[in-house]
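J.: Pasting a structure here, questions to come.
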Amino acid sequence: MKNQQRREVIQKGLIFALLIIFVLAIGFHEIAAALVSRVFGVSVRRGSVAELRFMMYFFGLYAFVTGWANIRKEGSWQQKFLQGLLTSAVAGFVVAIFDLLLVFLVSNSIDIRQYLTAFSIPSMSYFLFEKGQAGPLYHLGYFIVFGGLGALLHTLWITEMVQQAFEKTKGFIKTFATKASDAIPNVVKKYGKYLLLLVAAIIMYFLPRMWGSYINFVVGLVGLYVIAGIGLNIIVGLSGQLMLGYAAFFAIGAYSVALLNAPEPHNILLGFWPSIIIAIVMAILAGILLGLPLMGLRGDYLAIVTLGFGEIIRILLKSDLLENFTGGPRGINDIKGPTLFGRPFSNDIQFMYIIFIAVALSIFIYQRLQDSRTGRAWLSIKEDRIAAQATGVSLRKYKLLALCIGAAFAGLAGGISAARNQFTGPNDHSLLVSMNVLSIVIVGGVNSIPGIILGAFTLKGLPEILREVENYRQLAFGALLIVMMIKRPNGLWPATRPLYEKSHCLENEELNTGKERKND
Amino acid sequence: MTAKVKSPQVKQRDLGKIIRPIFGALVAAYILWRLYNVFIVEAKYGPQVWVSLLISGLIIGAVYSLIAIGYTLVYGILLMINFAHGEVVMLGIYAGYFVFEAAKAIQVPSSLNPELVFADAYPALSIFIAFIIGMGVSATVGFFLEKIAYRPLRKAPRLIPLISAIGASLVLQNVALLLFSPQLRNYNNPTVMARGNGWKMIINETPVNVPYTGVFTLILSVVLMLALLYLVRNTRLGKAMRAVALDKDTAALMGINVNHTISSTFLISGALAGAAGVMWGLHNGQVFNTVGFIPGIKAFTAAVLGGIGNIPGAMLGGMFLGLVESVGPTALGISFQLKDVIAFAILIAILIFKPSGILGEVLAEEKV
Amino acid sequence: MTDLIIQTNHVSKIFGGLTAVNQVDLEIPRGSIYAIIGPNGAGKTTLFNCISGFYTPEHGEILFQGYPIQGFTTDFIAGRGISRTYQNIRLFSNLTAVENIMVGQHTNLETAWWDAIISSPRYRRENQKARDNAMHWLNFVGLNGYGDFLACNLPYGMQRRLELARALASDPALILLDEPTAGMNPQESEEMMAFIRMIREKLEKSIILIEHDMRVVMGISDKISVLDYGTKIAEGSPKEIQANERVIEAYLGPGGAALAKKYQNRRRNKQDA
């Protein structure tokens with residue numbers, strides 16, 4: 006084998022080996038086994054470990070993936086397969102060597118749990134398939150066998166025949182879809198939009214009553230983050246101002262509703278609806294106060310200053326200094342919910358309605374703004390500040406406007422959140438919240454409503470559902486951010502452009518991949 | 016078509032020019048009033064208090080400076096905020112912790128003391144090893160951080176690497192959490208340099224403690240900073256770093272290996288961060304997975320204060336921030352809880368009044 | 023309203039130790055095509071930046087149709103009727119061609135953000151008008167059918183035309199063109215010259231241009247000013263400037279005038295022969 010390939014095999018093998026060792030080091034192997042067992046319908050009780058066979062399945066799967074992912078790109082099928090197999094073998098070898106260390110620790114009952122949490126005797130033993138000294142051999146064997154299998158299957162998969170069959174199926178589906186859509190009469194297409202909205206509204210009415218309060222909680226949380234995401238998108242995605250302290254506006258909204266609706270600090274019970282309006286107004290005022298001095302700042306500086314601002318708000322809320330005013334570190338409890346015509350309107354179903362309406366309103370406002378003179382002015386500022394100014398767009402006015410409108414969205418979301426949770430405190434508005442919202446926008450897709458919804462769901466909805474991986478949630482999220490930025494910086498569901506003119510390039514849309522057009 | 020002249024001439028008011036000095040004057044007046052109160056009216060703090068605060072301010076300032084230099088180096092060369100730098104520091108702190116743990120565990124019984132441990136028998140060596148390992152670990156983390164999370168994004172618009180950095184910060188924080196558990200740990204200093212021990216200065220008839228760890232931190236920081244300045248100004252690598260910071264493409268055309276230079280920058284920035292981390296551990300003691308976060312943000316504040324991209328500026332900014340943070344709350348009669356607020360408030364103030372920082376920014380790129 | 027579209031009196035722009043524009047006086051009549059030329063670094067673009075409001079001159083004043091505009095922000099001045107194009111094209115890359123032009127009309131439209139939200143009839147009317155207007159200018163510069171291309175995907179020549187369309191869309195009284203034929207071959211330059219003439223004739227706009235291509239300058243300018251190291255060294259009709267010794271020396275260096283004369287004589291002799 007040539008030198009280059011040899012190096013690649015060793016490198017990749019090493020990487021995959023380190024990865025599984027890392028999985029052990031963070032204790033994820035037990036969780037992974039639990040997840041695998043879930044697939045098989047066997048649930049694992051909290052605190053206990055899945056049956057051994059699931060660990061083996063997981064390991065086998067990992068070995069399979071190692072083989073699959075490492076076949077050679079070109080060459081005869083024997084070469085492809087061989088590279089995958091060898092990489093897997095190298096990985097297995099490295100893991101086996103590492104296993105010797107584990108065997109040493111286990112057989113001498115050395116417990117280094119104090120230093121590395123995952124290296125407890127039972128955990129290490131579990132990793133070694135409970136086979137003690139034979140563990141390393143098992144691992145090596147698994148890598149060779151399953152890795153080889155993975156490499157073989159992948160090699161077969163990417164042969165001409167399979168690819169052609171794939172393409173044919175795709176084409177078939179596409180023509181079918183076009184024929185189907187052509188068959189729908191024009192009238193339906195035009196008014197279908199409204200019909201869909203009506204159907205959606207009806208569904209939105211019944212669903213919260215049906216799917217239980219836990220799901221209401223989760224979906225509501227997602228909805229609030231969607232509102233915040235849209236607001237932040239106006240600031241970051243439309244007008245191009247990087248803002249890292251968005252949670253501050255959220256906090257202002259939440260605390261406005263809280264302070265005006267709870268017995269604790271001031272015993273004002275203004276009622277939810279007026280308080281929400283006040284919350285939005287306060288957020289806008291904060292936007293003006295923050296924005297006015299900062300209009301001259303450049304991108305990164307603005308980011309750091311907004312970060313500082315967010316932290317200042319949080320620390321002030323937590324401090325004893327303002328405790329009499331804001332309730333201090335304990336936050337504000339027992340916030341009263343909304344009432345409608347005198348009757349309380351604050352159970353989880355009714356809050357869902359409030360949130361649905363708020364989300365719909367946010368989306369509506371955003372769409373309108375985006376396709377308007379204001380929206381275009383924002384985008385022009387984002388693209389080229391100087392040219393925008395020379396075209397007559399007032400930087401100061403529009404940047405401030407974006408900031409205030411974005412802040413208003415946050416205020417709305419914050420206020421609803423406080424009333425719904427019946428509690429708010431300084432820790433609800435940490436930097437992490439700002440980062441979360443920013444990530445939703447960027448990972449979901451800047452300037453893309455479906456993207457933001459998807460992002461909010463991925464960030465907030467999924468973890469609620471996948472409870473087992475709770476401890477690993479942040480780790481996975483961080484890794485997801487990195488991977489997304491490298492692979493798909495435009496987001497999970499990138500924005501599509503509104504088109505004003507039927508140009509001939511539309512017909513060629515299929516042929517023009519995004520990459521080709523960019524290389525002008 | 017007629018031209019558009021809206022007459023009579025609309026007078027454009029630049030509110031900023033009016034409000035800014037007024038606001039600045041108000042804030043300055045308020046600060047002076049509070050200082051007056053504390054120093055002259057109440058005068059309840061004798062000089063020993065101030066000296067003690069100054070000392071701790073210098074010490075924390077030195078640590079901030081080292082971390083700030085790391086930020087400034089990376090910003091100068093890549094124009095990005097290395098959000099994960101605080102975590103690089105944190106991993107250095109952990110590394111130093113483990114070295115000291117090992118040093119405390121290894122027994123080297125002597126005739127005098129059968130339970131003597133390595134750390135106490137050879138304190139200087141232990142400390143030296145701790146620093147080497149700490150700096151090494153941080154440098155390695157910085158190196159791989161750049162390679163995995165930043166290098167693929169070098170051509171992307173600014174926002175993308177920033178998000179990647181945020182992701183990296185989360186990853187590192189949680190890796191530490193998962194590897195080492197949430198258990199709060201404390202540095203096991205060699206007895207010779209136990210936390211809190213120090214020379215006693217008598218000021219105003221009260222003893223003021225000058226901690227050994229503090230003095231050590233100060234001296235080592237100064238040495239490292241001087242070494243860095245020498246490196247940047249007098250070595251080939253330093254020249255390459257400055258060249259790449261000024262114009263990446265031209266530097267490449269001149270034969271400089273841009274990737275190596277950038278990796279080296281991250282290695283150096285990581286090493287300094289690791290050193291700062293071990294110092295922090297020795298002096299402050301606490302080790303947990305988010306220990307690097309707030310100092311990281313503050314150090315970045317300091318770097319911006321001094322003019323981002325400007326190395327002496329980062330040093331000055333760090334010292335300034337440390338001193339203000341330490342002396343400020345007491346001098347202004349504010350609760351100690353709010354010392355972080357002071358840091359951020361200063362940052363915002365400086366950026367409003369002098370956006371290019373104290374010493375002026377040394378930026379790499381075209382200004383849009 | 024005076025007859026001069028632009029009048030600068032002793033305008034100076036100083037950057038620290040460098041005087042980029044030194045006491046420049048200009049009187050540019052309405053409806054003229056006026057060129058500012060000079061060797062590289064002479065301060066031409068800086069002067070443009072002063073007129074468009076990007077810089078504030080340290081000394082002197084700039085009068086636009088009789089009203090002083092120095093010191094005002096760029097967007098204010100743009101709103102008063104001055105548009106410009108750039109040496110290195112500055113389009114809004116990730117917006118489509120039509121959107122670029124629609125931004126160009128920003129100062130002509132009046133709807134505010136709340137209009138957009140409630141979709142008032144005024145908003146809808148204006149949006150439609152903006153769209154139609156943009157299509158008109160798109161076709162005017164010959165980019166029919168390319169409206170939905172992202173500006174960054176257009177070829178160079180079309181990008182230049184798009185920038186012009188954007189500048190025209192705000193219906194300015196004065197257009198500043200910064201090297202409009204940079205990077206063009208002779209044929210394209212001819213087309214651009216005709217285009218500029220048409221803007222002046224059909225649309226009755228005044229034009230100030232910076233140019234290095236002498237054929238273009240001499241071909242379409244009514245009057246030319248020459249800057250060298252920030253100072254105006256000559257002003258006059260194309261013929262006068264061509265013969266001006268100081269101008270020739272500014273471009274060719276000292277002794278340049280004599281050199282030019284020698285070549286002129288040689289060419290005349292060849293023609294005679």
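Chains H, F and P, in that order, are what the protein sequence lines are. Heads up: the first sequence begins at 6 in my numbering, then just goes up one per residue. Heads up: the second sequence begins at 16 in my numbering, then just goes up one per residue. Heads up: the third sequence begins at 23 in my numbering, then just goes up one per residue. Ideal placement from N, C-alpha and C gives every residue a C-beta, glycine not left out.
Put R153(P) into one of helix, strand or coil per three-state DSSP.
T.: Here the question's residue 153(P) lines up with position 131 in the third sequence. The answer is helix: DSSP assigns R153(P) an H, G or I state.
J.: Determine, using beta carbons only, whether E316(H) comes closer than 8 Å to chain F.
T.: Position 311 of the first sequence holds residue 316(H). Chain F contact via Cβ: present.
J.: Could you say if the region 36-46 of chain P and the region 244-256 of chain P meet the contact criterion of at least three C-beta pairs nearer than 8 Å?
T.: The answer is yes - the region 244-256 of chain P touches the region 36-46 of chain P, with three or more Cβ pairs under 8 Å.
J.: Rounded to whole angstroms, what's the CA-CA distance from H128(P) to L225(P)? Just pull it up for me.
T.: Locating residue 128(P) in the third sequence gives position 106, counting from the first residue. Locating residue 225(P) in the third sequence gives position 203, counting from the first residue. Whole-angstrom Cα-Cα distance: 19 Å.
J.: With 16 other CB atoms within 10 Å as the buried threshold, where does V44(H) fall?
T.: By one-based count along the first sequence, residue 44(H) stands at place 39. V44(H) comes out exposed.
J.: Are the C-beta of C510(H) and some C-beta of chain P separated by less than 8 Å?
T.: Numbered from its first residue, the first sequence carries residue 510(H) at position 505. With a pLDDT of 41 at C510(H), under the threshold of 50, the modelled position of that residue is not reliable, and no figure is offered here.
J.: Which term fits T164(H), buried or exposed, when burial requires 16 or more other beta carbons within 10 angstroms of its beta carbon?
T.: Counting from one through the first sequence, the residue named residue 164(H) turns up at place 159. With fewer than 16 other Cβ atoms within 10 Å, it is exposed.
J.: Please return the same chain residues whose Cβ sits closer than 7 Å to the Cβ of L528(H), not counting the five positions on each side in sequence.
T.: With chain H represented from 6 up to 525, any question about residue 528(H) goes unanswered, as that position is not in the structure.
J.: Look at the alpha carbon of A139(H) and the alpha carbon of L145(H), and state the distance between them as a whole number of angstroms.
T.: Counted from its first residue, the first sequence places residue 139(H) at position 134. Counted from its first residue, the first sequence places residue 145(H) at position 140. Their Cα atoms are separated by approximately 10 Å.
J.: At which residues does the alpha helix (DSSP H) containing Q209(P) begin and terminate?
T.: Numbered from its first residue, the third sequence carries residue 209(P) at position 187. Counting along the chain, the alpha helix (DSSP H) containing Q209(P) begins and ends at P208 to L225.
J.: Whole angstroms are fine: how far does the CA of G275(P) sit from the CA of Y285(P)?
T.: In the third sequence, counting from the first residue as 1, residue 285(P) sits at position 263. In the third sequence, counting from the first residue as 1, residue 275(P) sits at position 253. Distance between the alpha carbons of Y285(P) and G275(P): 15 Å.
J.: Using a Cβ distance threshold of 8 Å, determine whether the region 391-404 of chain H contacts the region 196-211 of chain H, with at least three qualifying pairs required.
T.: Contact between the region 391-404 of chain H and the region 196-211 of chain H is absent, because fewer than three Cβ pairs lie under 8 Å.
J.: Between which two residues does the beta strand (DSSP E) carrying G29(H) extend?
T.: Counting from one through the first sequence, the residue named residue 29(H) turns up at place 24. What sits at residue 29(H) in the sequence shown is Leu, not Gly. Where L29(H) is concerned, there is no enclosing beta strand (DSSP E), although the alpha helix (DSSP H) it sits in stretches over N8 to A30.
J.: Count the other CB atoms, across all protein chains shown, that sit within 10 Å of the CB of A187(P); report buried if there are 16 or more and exposed otherwise.
T.: Here residue 187(P) refers to the residue found at position 165 when the third sequence is read from its first residue. Label assigned to A187(P): buried.
J.: Measure from the alpha carbon of A266(F) to the alpha carbon of each residue in I92(F), L50(F) and I349(F), then state which is nearest.
T.: Residue numbering aside, residue 266(F) sits at position 251 when the second sequence is read from its first letter. Of the candidates I92(F), L50(F) and I349(F), the one whose C-alpha sits nearest the C-alpha of A266(F) is I92(F).
J.: Does DSSP put T206(F) in a helix, a strand or coil?
T.: For this step, residue 206(F) is matched to residue 191 along the second sequence. In this structure, T206(F) counts as helix in the three-state DSSP scheme.
J.: Taking the straight line between their C-alpha atoms, what separation do you get for Q301(F) and Y77(P)?
T.: Taking the first residue of the second sequence as 1, we reach residue 301(F) at position 286. Taking the first residue of the third sequence as 1, we reach residue 77(P) at position 55. Distance between the alpha carbons of Q301(F) and Y77(P) is about 53 Å.
J.: With the cut-off set at 8 Å, would you say S74(P) and I104(P) are in Cβ contact?
T.: Within the third sequence, numbered from 1, the residue matching residue 74(P) stands at position 52. Within the third sequence, numbered from 1, the residue matching residue 104(P) stands at position 82. Yes. Within cutoff.
J.: Do G72(H) and A156(H) count as a contact pair if the criterion is CB distance below 8 Å?
T.: Working through the first sequence from its first residue, we reach residue 156(H) at position 151. Working through the first sequence from its first residue, we reach residue 72(H) at position 67. Their beta carbons are under 8 Å apart, which means A156(H) touches G72(H) by this criterion.
J.: Any beta-carbon of chain F closer than 8 Å to the one on Q479(H)?
T.: Numbered from its first residue, the first sequence carries residue 479(H) at position 474. For Q479(H), the answer is yes, since a Cβ of chain F falls inside 8 Å of its Cβ.
J.: Between the Cα of G151(F) and the Cα atoms of A209(F), V103(F), L140(F) and E116(F), which residue gives the shortest distance?
T.: In the second sequence, counting from the first residue as 1, residue 151(F) sits at position 136. Of the candidates A209(F), V103(F), L140(F) and E116(F), the one whose C-alpha sits nearest the C-alpha of G151(F) is V103(F).
J.: Can you tell me whether A292(F) is buried or exposed? The criterion is at least 16 other CB atoms within 10 Å of its CB, across all chains shown.
T.: If you number the second sequence from 1, residue 292(F) lands on position 277. Before going on, a small fix: residue 292(F) reads as Gly here, not Ala. It counts as buried.
J.: Whole angstroms is fine: what's the gap from V238(P)'s alpha carbon to R289(P)'s?
T.: Numbered from its first residue, the third sequence carries residue 238(P) at position 216. Numbered from its first residue, the third sequence carries residue 289(P) at position 267. Each residue's alpha carbon lies about 22 Å from the other.
J.: For the candidate residues D25(P), R146(P), F98(P) and Q29(P), whose alpha-carbon lies nearest to that of S192(P)?
T.: For this step, residue 192(P) is matched to residue 170 along the third sequence. Residue F98(P) is the option with its Cα nearest to S192(P).
J.: Excluding sequence positions up to five away, which residues of its chain have a Cβ less than 7 Å from the Cβ of F308(F)?
T.: What you label residue 308(F) is simply residue 293 of the second sequence in a count that begins at 1. The answer, listed in chain order, is G101.
J.: When burial is assigned at 16 or more other CB atoms within 10 Å of the CB, is D137(P) buried or exposed?
T.: Numbered from its first residue, the third sequence carries residue 137(P) at position 115. Buried, because 16 or more other Cβ atoms sit within 10 Å of the Cβ of D137(P).
J.: Can you find the residues in the same chain that come closer than 6 Å, C-beta to C-beta, to A424(H), ignoring five residues on each side of it along the sequence?
T.: One-based indexing of the first sequence puts residue 424(H) at position 419. Cβ within range, chain order: V262, F277, I340 and G342.
J.: Quick one: list the residues of chain H neighbouring T316(F), beta-carbon separation under 8 Å, in chain order.
T.: By one-based count along the second sequence, residue 316(F) stands at place 301. The answer, in chain order, is I309 and G313.
J.: Can you name the start and end residues of the beta strand (DSSP E) that N476(H) belongs to?
T.: Taking the first residue of the first sequence as position 1, residue 476(H) is located at position 471. Counting along the chain, N476(H) falls outside any beta strand (DSSP E), and DSSP gives it neither H nor E.
J.: Against chain P, does I370(H) count as a neighbour if the rule is that its beta carbon must be under 8 Å from one of theirs?
T.: Walking along the first sequence from the start, residue 370(H) turns up at place 365. Chain P contact via Cβ: present.
J.: Against chain F, which members of the region 117-135 of chain H pass a CB distance test of less than 8 Å?
T.: Cβ contacts with chain F: Y120, L121, T122 and A123.
J.: If you measure beta-carbon to beta-carbon, which residues of the region 321-353 of chain F are closer than 7 Å to chain H?
T.: Taking 7 Å as the Cβ-Cβ cut-off against chain H, the residues of the region 321-353 of chain F that qualify are S350, Q352 and L353.
J.: In whole angstroms, what separates the C-alpha of L110(H) from that of D116(H)?
T.: Indexing the first sequence from 1 puts residue 110(H) at position 105. Indexing the first sequence from 1 puts residue 116(H) at position 111. Approximately 7 Å, taken between the alpha carbons.
J.: If the cut is a Cβ gap below 9 Å, which residues of chain F does N476(H) touch?
T.: Sequence index remark: in the first sequence, residue 476(H) carries index 471 (1-based). Those within 9 Å of N476(H) in chain F are N189, L192 and L193.
J.: Mind pulling the chain H residues with CB within less than 7 Å of A171(F)?
T.: The count along the second sequence starts at 1 and reaches residue 171(F) at position 156. Ordered by position in chain H, the residues that pass the 7 Å Cβ test against A171(F) are P494.
J.: Pairs of beta-carbons, one from the region 202-219 of chain F and one from the region 125-145 of chain F, closer than 8 Å: are there three or more?
T.: Yes, the region 202-219 of chain F touches the region 125-145 of chain F.
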